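Report on the following structure.
Number of protein chains: 2
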Amino acid sequence: MNETVITARPGTPFIDIVREFEATPVQVFRAWTDPELLPRWLGPSGTTTTVLEYDAVTGGRYSYVHRDGSGRHGFRGVFHTVEAGERIVQTFQYDGWPDQVSLETLTFEDLGGRTRVHTHAVFGSVESRDAMIESGMEHGVRDSMTRLDTLLTR
Amino acid sequence: MNETVITARPGTPFIDIVREFEATPVQVFRAWTDPELLPRWLGPSGTTTTVLEYDAVTGGRYSYVHRDGSGRHGFRGVFHTVEAGERIVQTFQYDGWPDQVSLETLTFEDLGGRTRVHTHAVFGSVESRDAMIESGMEHGVRDSMTRLDTLLTR
Chain A
742 MNETVITARP
752 GTPFIDIVRE
762 FEATPVQVFR
772 AWTDPELLPR
782 WLGPSGTTTT
792 VLEYDAVTGG
802 RYSYVHRDGS
812 GRHGFRGVFH
822 TVEAGERIVQ
832 TFQYDGWPDQ
842 VSLETLTFED
852 LGGRTRVHTH
862 AVFGSVESRD
872 AMIESGMEHG
882 VRDSMTRLDT
892 LLTR
Chain B
742 MNETVITARP
752 GTPFIDIVRE
762 FEATPVQVFR
772 AWTDPELLPR
782 WLGPSGTTTT
792 VLEYDAVTGG
802 RYSYVHRDGS
812 GRHGFRGVFH
822 TVEAGERIVQ
832 TFQYDGWPDQ
842 VSLETLTFED
852 LGGRTRVHTH
862 AVFGSVESRD
872 AMIESGMEHG
882 VRDSMTRLDT
892 LLTR
């Protein structure tokens, strides 16, 4: 099983997430942007994900909802740039914290049939980044990456 | 004349711009988002600005071009959140540097008939923020703020 490496250097507003997958960039990109496939991996285990909108093109928008025992959690953003199979630049917001918008750059690096996905997220302040880390997002990211891995190798 | 205060603390990926105007938040917001008014103040003196698209609503897009003696400079972004007269969260990209996308939060604070506009910009890295400062953006911002001040008090 590939590892998910999450880096959040103290005193910076950045979070970096790196994960490799046993699939091509085109396959990984498709799983990342197809509203039919997203609910099959996005979110912590035990969560039901409903995609409300997912128009993964430059200038498009997305929104989805996670539902679990603790309730309903909405997320949304806009796509600044989408280059199929290569790069996504998007905003990200948890509806519970509408003032903590972040900007994410995802790159899909071709390792020759395998793919390294690097997500670089930047927040409006170090405090806002720290709050995101303390919210337990790591757990959700690791679960999502494992579920996506399973989906891609099925 | 009000002052434009630009802060870029060393070692951070942030730029903060604070400027007060002798007009209400509704008036300032309108000048900031109306595609007919933008070319009258946006950009350094001596620049001709053409707005190609400016849909200042949540999920909308914008793009404009500055033309001067040195050529044509395009800019574009998406609006993550637009709250009329209060707050804008948007991405920003200079087409010459498509890898250096930033996220800007603008707040329009009511000072009782006057308005304080605070722009907080965050870049993907400290290096990218430094490159933006070194590009001479300060000059363009100061010129734009002076031109907007003139437009609003006319």
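Chains A and B supply the protein sequences, listed in that same order.
Counting with our numbering, you get residues 742 to 895 for the letters of the first sequence.
Counting with our numbering, you get residues 742 to 895 for the letters of the second sequence.
Glycine included, each C-beta is placed from N, C-alpha and C at the ideal position.
Since the structure is predicted, the reported quantities are computational estimates derived from the model, not experimental observations.
| Asked | Found |
| --- | --- |
| Helix, strand or coil for residue 887 of chain B, going by three-state DSSP, please let me know. | helix |
| Excluding the five sequence neighbours on either side, which residues of its own chain have a C-beta within less than 6 Å of the C-beta of residue 801 of chain A, listed in chain order? | 820 |
| Is residue 864 of chain A helix, strand or coil when you go by DSSP? | coil |
| Under 8 Å between C-beta atoms, does residue 821 of chain A make it to chain B? | yes |
| Measuring CA to CA, which of A/895, A/866 and A/885 is closest to residue 749 of chain A? | A/866 |
| Among A/765, A/886, A/806 and A/742, which has the Cα closest to the Cα of residue 825 of chain A? | A/765 |
| Please classify residue 842 of chain A: does DSSP put it in a helix, a strand, or coil? | coil |
| With a threshold of 7 Å (Cβ to nearest heavy atom), would residue 766 of chain A be considered close to the ligand GDP? | The ligand GDP is not part of the structure shown, which contains no ligands of any sort. |
| Kindly list, in the order they appear in chain A, the residues whose Cβ is closer than 8 Å to that of residue 844 of chain B. | 832, 842, 843, 844, 863 and 865 |
| Show which residues of chain A have a CB atom less than 8 Å away from the CB atom of residue 800 of chain B. | 802 and 819 |
| Would you say residue 847 of chain B and residue 863 of chain B are within 8 Å of each other, going by their C-beta atoms? | no |
| When the Cα atoms are used, what is the spatial distance from residue 883 of chain B to residue 783 of chain B? | 10 Å |
| What residues in its chain sit with their C-beta under 8 Å from that of residue 785 of chain B, if we drop five residues either side in the sequence? | 807, 809, 880, 881, 884 and 885 |
| What in chain B is Cβ-close to residue 754 of chain A, meaning under 9 Å? | 753, 754, 755 and 863 |
| Using C-beta distances below 7 Å, list every residue in its chain close to residue 752 of chain B, excluding the 5 sequence neighbours before and after it, in chain order. | 867 |
| Can residue 834 of chain A and residue 842 of chain A be called in contact, C-beta distance under 8 Å? | yes |
| Closest Cβ-Cβ distance between residue 835 of chain B and chain D: below 8 Å? | Looking at the structure shown, chain D is missing, and the protein chains on hand are A and B. |
| Please report the straight-line C-alpha distance between residue 743 of chain B and residue 761 of chain B, rounded to a whole angstrom. | 6 Å |
| For residue 874 of chain B, is the classification buried or exposed, using 16 other Cβ atoms within 10 angstroms of its Cβ as the cut-off for buried? | exposed |
| Start and end of the beta strand (DSSP E) containing residue 832 of chain B? | 828 to 835 |
| What residues in its chain sit with their C-beta under 6 Å from that of residue 822 of chain A, if we drop five residues either side in the sequence? | 799 and 830 |
| Leaving out five residues before and five after residue 768 of chain B in sequence, what residues of the same chain have Cβ atoms less than 7 Å from its Cβ? | 893 |
| CB-CB under 6 Å to residue 870 of chain B, same chain, minus the five flanking residues each way: which ones, in chain order? | 754 and 864 |
| State the Cα-Cα distance for the pair residue 777 of chain B and residue 895 of chain A, rounded to the nearest angstrom. | 54 Å |
| For residue 889 of chain A, which option in A/839, A/845, A/757 and A/780 has the closest C-alpha, if you only look at C-alpha atoms? | A/780 |
| Given this structure, state the Cα-to-Cα distance separating residue 844 of chain B from residue 853 of chain A, to the nearest angstrom. | 33 Å |
| Report buried or exposed for residue 817 of chain B, applying the criterion of at least 16 other Cβ atoms within 10 angstroms of its Cβ. | buried |
| Going by beta-carbon coordinates alone, are residue 803 of chain B and residue 791 of chain B separated by less than 8 Å? | no |
| Would you decide whether residue 788 of chain B is buried or exposed? Buried here means 16 or more other CB atoms lie within 10 Å of its CB. | buried |
| By the 10 Å Cβ neighbour count, where 16 or more other Cβ atoms means buried, how is residue 891 of chain A classified, buried or exposed? | exposed |
| Considering only the alpha carbon of each residue, which of A/876, A/763 and A/860 lies closest to residue 827 of chain A? | A/860 |
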